[in-house]
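Comments concern the structure below.
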Amino acid sequence: MREPRRSVAAATGRQRCTTQAWRRKSRRLLLFAVYMLMPPTRPRIDPKLAPHLAVMAGIALCTGVLLLWPQAVLAAGYQCRLHALFGVRCPFCGMTRDFAAMLHGQRPVENPCSRLALVVVYGVYPTAVVIAWWRKSLDVFYGKALCCGVAVALAAMLVLNNLG
Ligand SMILES: [Zn+2]
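Quick note: the sequence shown uses our numbering, first residue 3, plus one each step.
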């Protein structure tokens, strides 16, 4: 008499266990379904790196346009506001034509700083961004030293572009 009772109790316990396991499984399945239905989270981009990525995307876009459709840009007849208003060539006057020329293997003739600008745009700047990002020191781009350096360089470019 005891034997069947025991086995009934065991069977009930086993059944309870199976029910609990099934509930746990279904809860996990429900959580997984909810997780799968959630919108995917966007990869987080370092907010200090974002402006540099935008600048480099702009450089890539301008390079592509100047490589593929230089005439479309040069024939647009864009005139520098500073030059139109004051007759002074800004530090960048002539660089669009020079970059189009250099990207097609020709010599720059409009702006004496175009070669240096090419090195900075395609070499120094992207390398500096990668190194600063790697060292987690992107703050260097917002430092006083770099701002002063850029101001001095622009002043020198302004003078050089108006000498000729
Ligand atoms: Zn200009």
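Where a beta carbon is used, it is the ideal one built from N, C-alpha and C, also for glycine.
Source: prediction; values computed, not measured.
Judged by the Cβ position, F94 qualifies as a neighbour of ligand 1 at the 6 Å threshold, a heavy atom of the ligand being closer than this.
Exposed is the label assigned to D48, since fewer than 16 other Cβ atoms lie within 10 Å of its Cβ. Around the beta carbon of T20, fewer than 16 other beta carbons lie within 10 angstroms, which makes this residue exposed.
Per DSSP, P53 is one residue of the alpha helix (DSSP H) stretching across 52-70.
Here I47 carries a coil assignment [DSSP, helix/strand/coil]. Here the C-alpha atom of G66 lies approximately 9 Å from the C-alpha atom of P72. Distance from the CA of V90 to the CA of T43, rounded to the nearest whole angstrom, comes to 50 Å. Contact check between the segment 88-103 and the segment 113-123: three or more CB pairs, one atom from each, fall below 8 Å, which counts as touching. At a threshold of 6 Å, C64 does not count as near ligand 1, since its beta carbon sits no closer than that to any of the ligand's heavy atoms. In this structure the segment 72-83 does not touch the segment 123-130; the number of beta carbon pairs closer than 8 Å is below three. Ligand 1 never approaches C115 closely enough for any of its heavy atoms to be under 6 Å from the residue's Cβ. Between the segment 51-71 and the segment 125-145 there are three or more inter-stretch CB-CB distances shorter than 8 Å, so the stretches are counted as touching.
Relative to ligand 1, H85 has its C-beta within less than 6 Å of a heavy atom.
Taking a 10 Å sphere around the C-beta of C115, we find 16 or more other C-beta atoms and assign the residue as buried. Per DSSP, the continuous alpha helix (DSSP H) segment holding N163 begins and ends at 146-165.
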